[in-house]
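Report on the following structure.
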Amino acid sequence: MPDKKNEIVITRIFDAPRELVWKAWTEPEHCKKWWGPNNFTTPYCEIDLRVDGKYLNCMRSREGQDFWSTGVYREIIPLEKIVCTDSFSDEKGNVVHASHYGMPGDDWPLEMLVTITFEEVDGKTKMILRHEGLPSGDISEQTNVSWNESFNKLANILK
């Protein structure tokens, strides 16, 4: 299980109904529009939204480098909560170490845990993301920035 002390927690309020924010996370055609930090696109997204189902995403940098990630859904409460693992992978969904993509540091776990909750608040959606198991230091800070850039993109497409 990931180390809780190496986690980031991000709370965002989206000016959109919860159903729409849920779809943005759970339907590939929506996820492709916002997944990844600035200057990244998502050319591939596969989602098998069920407990023990998997996802496989590809983020592509402006320079054309692909970064694949995969995970397994551990808990799904429709419109309320998603819990899934998060790992670097190859294009076939096989888990690889972060060093496969030249990520710095040797304390990357093969598997992290992501929990997203969704709450309707006055016609808007309060979303809380918890990403557990990250290496400490710069990587956690960079991951926080990357998630927030992704969520800025999500806020724009929800308009």
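In this text, residue positions in the sequence shown follow my numbering: the first is 6, and each later residue adds one.
Every residue gets a Cβ at the ideal spot worked out from N, C-alpha and C, and that includes glycine.
Thr130 sits close to Phe19, with the two beta carbons spaced by under 8 Å. By the Cβ criterion, the region 26-45 is in contact with the region 150-157, since at least three pairs of Cβ atoms, one from each stretch, lie closer than 8 Å. Shown here for Ile15: same chain residues with a beta carbon closer than 6 Å to its own, the five before and five after excluded, namely Leu134 and Trp152 in chain order. Going by DSSP, Arg23 is part of the alpha helix (DSSP H) stretching over Arg23 to Thr31. DSSP, reduced to helix, strand and coil, places Trp40 outside both helices and strands of the structure shown, so it counts as coil. Boundaries of the alpha helix (DSSP H) around Lys158: Asp143 to Leu163.
DSSP, reduced to helix, strand and coil, places His136 within a strand of the structure shown.
Glu96 and Gly69 have their alpha carbons spaced roughly 14 Å apart. Beta bridge pairing from DSSP links Arg65 with Thr46 and Asp71.
With a cutoff of 8 Å on beta-carbon distance, Trp30 and Ile121 are scored as near each other.
In the structure shown, Glu34 falls within a helical segment according to DSSP collapsed to helix, strand and coil. In this structure, the alpha-carbon of Pro22 lies about 12 Å from that of Ala160.
Per DSSP, the unbroken beta strand (DSSP E) holding Glu124 starts and ends at Met117 to Val126. Sequence-distant Cβ neighbours of Asp53 in its own chain, meaning closer than 6 Å and more than five residues away, are Lys59. With respect to the C-alpha of Met108, the residue from Cys89, Leu139, Glu85 and Leu118 having the closest C-alpha is Leu139. Contact between Glu116 and Thr90 holds, since their C-beta atoms are separated by about 5 Å, short of 8 Å.
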